[in-house]
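The block underneath contains the structure these notes are about, expressed in structure tokens.
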Amino acid sequence: MSFPSQDRRADEKLGRILGRVGSVRTRLNSLALQHAIFYTLAIAIAGGAAVFAGAYLLSPLAFLAGASALAIIGCAGIARAVGAAWRMRASAVRAAAIADERGELKGRLSTIVALANHQTSGSLWAYLVEDTLGHQDQFAAARIERRRVSRAIYPLAAAFVLAALAIPISKMKHAPRIAQGSGQDELTVDLDDLHLRPADSGDESGMQVTADAATMRRLEDRLAREGAAGGEAGGNSLNQLVNRARDMAGHLQSKLTGQQAASKQRLNLRLADAGGDQDQKEIHRAPETQKNRHSDVAGQFKQDQPKSNREIDLPREDDSRRPNSEPSPRGYGEPGAQADSGTDNPGNQDNRATDRKIQQGAENGGNGGAAHGIGADPDSLFGAPAAPTLGSEGFQIAIEARPVDHGAKGAGHAYVAPKVRTPLSLNQEPDEPVARAAVPAEDRTTIKRVFER
Amino acid sequence: MSDVQAETPTVADFARTFRRIQAEIHKLIIGHEQAVEELLSALFAGGHVLIEGVPGTGKTTLVKTLGLALNLSFNRIQFTVDLMPADITGTRVILSGDDGRREFTFQPGPVFCHILLGDEINRATPKTQSALLEAMAELQVTVSGTTYRLKPPYFVMATLNPIEMEGTYPLPEAQLDRFLFKVRLNYPDEGELTRIISSTTGPEEAGIEAVFHATEAAERIEALKRLVREVMAAPAMETYAARLVRATQPQNSRFVSDEARAVHDEMVNRYVMFGSSPRGAQALILGGKVRALLDGRANIAREDIEHVAVAALAHRIMLNYAALSDGIDAAHIVERVIKSVRAGKL
Chain W
292 MSFPSQDRRA DEKLGRILGR VGSVRTRLNS LALQHAIFYT LAIAIAGGAA VFAGAYLLSP
352 LAFLAGASAL AIIGCAGIAR AVGAAWRMRA SAVRAAAIAD ERGELKGRLS TIVALANHQT
412 SGSLWAYLVE DTLGHQDQFA AARIERRRVS RAIYPLAAAF VLAALAIPIS KMKHAPRIAQ
472 GSGQDELTVD LDDLHLRPAD SGDESGMQVT ADAATMRRLE DRLAREGAAG GEAGGNSLNQ
532 LVNRARDMAG HLQSKLTGQQ AASKQRLNLR LADAGGDQDQ KEIHRAPETQ KNRHSDVAGQ
592 FKQDQPKSNR EIDLPREDDS RRPNSEPSPR GYGEPGAQAD SGTDNPGNQD NRATDRKIQQ
652 GAENGGNGGA AHGIGADPDS LFGAPAAPTL GSEGFQIAIE ARPVDHGAKG AGHAYVAPKV
712 RTPLSLNQEP DEPVARAAVP AEDRTTIKRV FER
Chain E
163 MSDVQAETPT VADFARTFRR IQAEIHKLII GHEQAVEELL SALFAGGHVL IEGVPGTGKT
223 TLVKTLGLAL NLSFNRIQFT VDLMPADITG TRVILSGDDG RREFTFQPGP VFCHILLGDE
283 INRATPKTQS ALLEAMAELQ VTVSGTTYRL KPPYFVMATL NPIEMEGTYP LPEAQLDRFL
343 FKVRLNYPDE GELTRIISST TGPEEAGIEA VFHATEAAER IEALKRLVRE VMAAPAMETY
403 AARLVRATQP QNSRFVSDEA RAVHDEMVNR YVMFGSSPRG AQALILGGKV RALLDGRANI
463 AREDIEHVAV AALAHRIMLN YAALSDGIDA AHIVERVIKS VRAGKL
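Residue numbers (the numbering used here), protein chains in the order written: chain W, 292 to 744; chain E, 163 to 508.
And the structure:
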């Protein structure tokens, strides 16, 4: 038989034990919560830093793929971290079990917590409470779990370091093509090698192109052909998807890198010459003051001098394409050559000295199509020719100039393997043309029918 | 009421009494510390013990010494092939009274005692062996339709000789299951053997001092047994014992429910024909409670259960021929199961 005062003391002792178990539980749950928060932050920060750095380092498609993969991995990692934290959480029974194990209490706390609400009338219950209270130093919260801060703080710190590293990476890679382009006053590409498409309606970005009427007509033809080809290719949903993905990734990259404003600046390109070899079209970047001037080299556009650091996706080519570099000594009409003088533009001579020309290499020869991807965005010729001054000697057209993937990678001229003649062996004989023979009269009708079909 | 409280032993009383009985037994029994502890644990847990050991390892001496130390009535039955059930339980015989009238009178057999030693129990026929079942399980004997109660404490210790198996009758599973523990007596090591020689070949024999007075021995032991039952087992410990028992049950057994089939161990599936019965879980908890009291605790811990697991489960696991051919014994299976369950594999 027990007295009320004894019962009260027993309850107080039990309360002290349960209170200690509760403090252990609080600390364990705090660590679990920290685990979830820190890991989530670490994954988000590290992923964000990686995406930020990738925006500078990767081409749009690679950036899109990488960012998507990072997003998936990040989501999985966060889910895993939250799941782990959920499993780490401690109920009172689990906290008691952990305290039993770490405090070497041999199940005392587990028994008390489990039976506190069910069985207190046993003859050994008071003994168990008293015995457990005698070991109270062994299950102090600080002893059971010394850490107040989860070890997940280390991944979080690492994520911060990673984020800090992404900043210098972005600074190193920020200026690249734009800074280089800022000093350029002329951009030369092969018109035939460009993939042109009209700019989206309402898209104010692009550059202005000036050219004479003949070249403008040719450009319009190109646009019409590309548009028709695009319409035919419209059935190819994969290409459309890829283009959309590239555009989306490019916009995202632009937003992340802060280069969107620069990409929207207008670049005034001018067609320098309307005559000459139609296969060797070049686009130049020229100062705006040289607008409406054109050289006598066919298909050569000049871009207006940008007013600020803007980015146009120019590959790093040889020195001949750098600003203030010496123009090519090759003559007019020569494949890949740049015009030295313009007959229609009296100020062209001065401009050539300062124009930066990106020129097709001589190895391309007559294959102008091999010189792809030099500087301008082939997918980004937007908008109809704005107020073309077709009656005059030139015109203007809005072209969106922004980095493209192959330009961002710094791709240069395509390599064309040189032709090498290998001498025949002793057992070989040179090919001989098949001798012409007259078509038999009875076959002529059949052949004619086949060809007519 | 105060008398009752005064007679209620405490945890310290239990541990002290237990250690004292141990010390008395070890005056004669050299070595076999674990076997003696398991023997006493089974006694205070209210179970019976099957002792297995080669000849000469002190099986009979151990049981006799226990009887002397506890100061309880002690009987011994040497099981032979021609032993009959009535030779164990007792029978009704015709006796002449003082007035010359003859009448059937029940003559109690050797089973009527506190401590019963069934020596080489596997030499008797199954019919005779099963005569012990009712006494062991229900503490009563029924002869000619009349039931006779046995006086508690009632403690049966049966010995098995693992060699000389010709002409023996292995105990049926049902009877094996009724033994709380199976205690194995191995050969003593060199030091123990030296001490055995010096203590048993001298002119003086070690005297065993009874721990209890004869009049109060039974009552004291019963009180200690009740104290064992008072030890608390958290639900987690009961779950752990249940998992251990379930883990001994092979997956391919048709007696295992679908739910239990999810719990399996490759070794168990390969070598075990039948796993432990639910009595095994009871033995784990009861043996664990004794261990907890000896450790001064009023609650059982996982270590307590694991400490008695081999003694409680090994004889309940029936191995197949693959285990015999591979030299796998039940103790090895139990140890494997403990590791698996503790690691959370199962």
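For each residue, glycine too, the CB sits at the ideal point set by N, CA and C.
Distance, THR179 of chain E Cα to ALA390 of chain W Cα: Numbered from 1 along the first sequence, position 99 holds the residue referred to as residue 390 of chain W. Numbered from 1 along the second sequence, position 17 holds the residue referred to as residue 179 of chain E. Using only the alpha carbons, I get a separation of about 32 angstroms.
- request: State buried or exposed for LEU319 of chain W, treating a residue as buried only when at least 16 other CB atoms are found within 10 Å of its CB.
  value: For the purposes of this step, residue 319 of chain W is identified with residue 28 of the first sequence, where counting begins at 1. It counts as buried.
query: Taking all protein chains shown into account, do 16 or more other C-beta atoms lie within 10 angstroms of the C-beta of SER401 of chain W, making it buried, or fewer, making it exposed?
result: For the purposes of this step, residue 401 of chain W is taken as the residue at position 110 of the first sequence. It is buried - the Cβ of SER401 of chain W has at least 16 other Cβ atoms within 10 Å.
- prompt: Under 7 angstroms between C-beta atoms, does PRO397 of chain E make it to chain W?
  reply: Taking the second sequence and counting its residues from 1, one reaches residue 397 of chain E at position 235. For PRO397 of chain E, the answer is yes, since a Cβ of chain W falls inside 7 angstroms of its Cβ.
query: Are three or more beta carbon pairs between the region 315-331 of chain E and the region 277-285 of chain E nearer than 8 angstroms?
result: yes
- prompt: What does a CB cutoff of less than 6 angstroms around GLU303 of chain W pick up in its chain, not counting 5 residues either side in sequence?
  reply: As a first step, residue 303 of chain W must be located in the first sequence, where it is residue number 12. Same-chain partners within the cutoff: there are none.
query: Is the CB of ALA463 of chain E under 7 angstroms away from at least one CB in chain W?
result: Looking up residue 463 of chain E in the second sequence gives position 301. Yes, ALA463 of chain E lies at the interface with chain W (some Cβ there is under 7 angstroms from its Cβ).
query: In this structure, does DSSP put GLY215 of chain E in helix, strand or coil?
result: Within the second sequence, numbered from 1, the residue matching residue 215 of chain E stands at position 53. Note: GLY215 of chain E maps to strand in three-state DSSP.
- request: Look at the alpha carbon of VAL496 of chain E and the alpha carbon of HIS210 of chain E, and state the distance between them as a whole number of angstroms.
  value: What you label residue 496 of chain E is simply residue 334 of the second sequence in a count that begins at 1. What you label residue 210 of chain E is simply residue 48 of the second sequence in a count that begins at 1. For VAL496 of chain E and HIS210 of chain E, the distance between alpha carbons rounds to 20 angstroms.
task: Give the interface partners of ARG393 of chain W over in chain E, defined as CB-CB distance under 7 angstroms, in chain order.
output: For the purposes of this step, residue 393 of chain W is taken as the residue at position 102 of the first sequence. Neighbours of ARG393 of chain W on chain E: none; closest Cβ ~14 angstroms, over 7 angstroms.
query: In this structure, what does DSSP give as the bridge partners for GLN196 of chain E?
result: For the purposes of this step, residue 196 of chain E is taken as the residue at position 34 of the second sequence. DSSP, once it has assigned bridges, lists no residue as partnering GLN196 of chain E.
field: DSSP three-state assignment for ALA431 of chain W, whether helix, strand or coil
entry: As a first step, residue 431 of chain W must be located in the first sequence, where it is residue number 140. Residue state, collapsed to three classes: coil.
- request: Spell out whether any CB of chain E is found under 7 angstroms from the CB atom of GLY398 of chain W.
  value: For the purposes of this step, residue 398 of chain W is taken as residue 107 along the first sequence, with counting starting at 1. Output row for GLY398 of chain W: interface = yes.
query: Nearest to ALA297 of chain E by alpha carbon, out of E:THR330, E:GLU328, E:ALA248?
result: Locating residue 297 of chain E in the second sequence gives position 135, where the first residue counts as 1. The residue with the shortest Cα to Cα distance from ALA297 of chain E is E:ALA248.
SER438 of chain E, buried or exposed, once every other Cβ within 10 Å from all chains shown has been counted against 16: Locating residue 438 of chain E in the second sequence gives position 276, counting from the first residue. Label assigned to SER438 of chain E: buried.
message: Considering only their Cβ atoms, is the gap separating GLY398 of chain W from THR429 of chain W smaller than 7 angstroms?
response: Start at 1 with the first residue of the first sequence, and residue 429 of chain W comes out as number 138. Start at 1 with the first residue of the first sequence, and residue 398 of chain W comes out as number 107. Note on identity: in this sequence residue 429 of chain W is Gln, with Thr being the wrong assignment. No.
- request: Mind listing, in chain order, the continuous beta strand (DSSP E) runs of no fewer than 3 residues lying wholly within the region 273-312 of chain E?
  value: The qualifying runs are 277-281, 302-305, 308-311.
message: With distance defined between alpha-carbon atoms, name the residue in E:ARG311, E:ARG432, E:GLU371 nearest to ARG498 of chain E.
response: The residue you call residue 498 of chain E lines up with position 336 of the second sequence. Out of E:ARG311, E:ARG432, E:GLU371, E:ARG432 has the C-alpha closest to the C-alpha of ARG498 of chain E.
message: In whole angstroms, give me the CA-to-CA distance for LEU347 of chain E and LEU190 of chain E.
response: Mapped onto the second sequence, residue 347 of chain E falls at position 185. Mapped onto the second sequence, residue 190 of chain E falls at position 28. Computed Cα separation, rounded: 15 angstroms.
message: Looking at chain E, is there any beta carbon in it that lies within less than 7 angstroms of the beta carbon of ALA405 of chain W?
response: For the purposes of this step, residue 405 of chain W is identified with residue 114 of the first sequence, where counting begins at 1. Interface residue, yes.
- prompt: Just curious, the alpha helix (DSSP H) that ARG391 of chain E is in, first and last residue?
  reply: Stepping through the second sequence from its first residue, residue 391 of chain E is reached at position 229. It spans 379-392 - the alpha helix (DSSP H) in which ARG391 of chain E sits, taken as one unbroken run.
query: Can you list, in chain order, the residues of the region 314-339 of chain W whose Cβ is nearer than 7 angstroms to any Cβ on chain E?
result: none
Identified DSSP bridge partners for PHE343 of chain E: For the purposes of this step, residue 343 of chain E is taken as the residue at position 181 of the second sequence. DSSP lists E:VAL211 as partners of PHE343 of chain E.
- prompt: What separation, rounded to the nearest whole angstrom, lies between the Cα atoms of ALA286 of chain W and GLN719 of chain W?
  reply: Residue 286 of chain W is absent from the structure shown; chain W starts at 292 and stops at 744.
- prompt: Any idea if ALA628 of chain W is buried or exposed, counting beta-carbon neighbours within 10 angstroms, 16 or more meaning buried?
  reply: Numbered from its first residue, the first sequence carries residue 628 of chain W at position 337. For ALA628 of chain W, the predicted structure reports a pLDDT of 37, less than 50, and the residue's modelled location is therefore unreliable. A value from the coordinates is still provided. Result: buried.
Element boundaries [alpha helix (DSSP H), containing THR737 of chain W]: The sequence position of residue 737 of chain W within the first sequence is 446, counting from 1. Note, THR737 of chain W: alpha helix (DSSP H), 732-743.
task: State the DSSP-derived secondary structure class of SER258 of chain E, mapped to helix, strand or coil.
output: Sequence index remark: in the second sequence, residue 258 of chain E carries index 96 (1-based). SER258 of chain E: strand per DSSP, three-state reduction.
- prompt: Smallest Cα separation from GLU371 of chain E: which of E:TYR349, E:ALA484, E:LYS226, E:PRO171?
  reply: Indexing the second sequence from 1 puts residue 371 of chain E at position 209. The residue with the shortest Cα to Cα distance from GLU371 of chain E is E:LYS226.
- prompt: Should ILE325 of chain E be labelled buried (16 or more other beta-carbon atoms within 10 Å of its own) or exposed?
  reply: If you number the second sequence from 1, residue 325 of chain E lands on position 163. Exposed: under 16 other Cβ atoms inside 10 Å.
query: What three-state label does DSSP hand LEU717 of chain W in the structure shown?
result: Position 426 of the first sequence, counting from 1, holds the residue named residue 717 of chain W. LEU717 of chain W: coil per DSSP, three-state reduction.
- request: Just tell me which of W:ALA450, W:VAL452, W:TYR347 has its CA closest to the CA of SER461 of chain W.
  value: Position 170 of the first sequence, counted from the first residue, corresponds to residue 461 of chain W. Nearest option by C-alpha distance: W:TYR347.
task: Note down the Cα distance separating GLY525 of chain W from ALA515 of chain W, rounded to an integer number of angstroms.
output: The residue given as residue 525 of chain W occupies position 234 in the first sequence. The residue given as residue 515 of chain W occupies position 224 in the first sequence. Low confidence applies to GLY525 of chain W: its pLDDT is 49, below 50, so where it sits in the model is not reliable enough to give any reading.
message: Once DSSP output is grouped into helix, strand and coil, what is the label at PHE436 of chain E?
response: Here residue 436 of chain E refers to the residue found at position 274 when the second sequence is read from its first residue. Strand, per DSSP.
- request: For chain E, find out if any of its Cβ atoms is closer than 7 angstroms to the Cβ of GLY425 of chain W; answer yes or no.
  value: For the purposes of this step, residue 425 of chain W is taken as the residue at position 134 of the first sequence. Not closer than 7 angstroms to any Cβ of chain E, the Cβ of GLY425 of chain W fails to qualify, so no.
Every unbroken beta strand (DSSP E) within the region 361-428 of chain W, with a cutoff of 3 residues, ordered by chain: none
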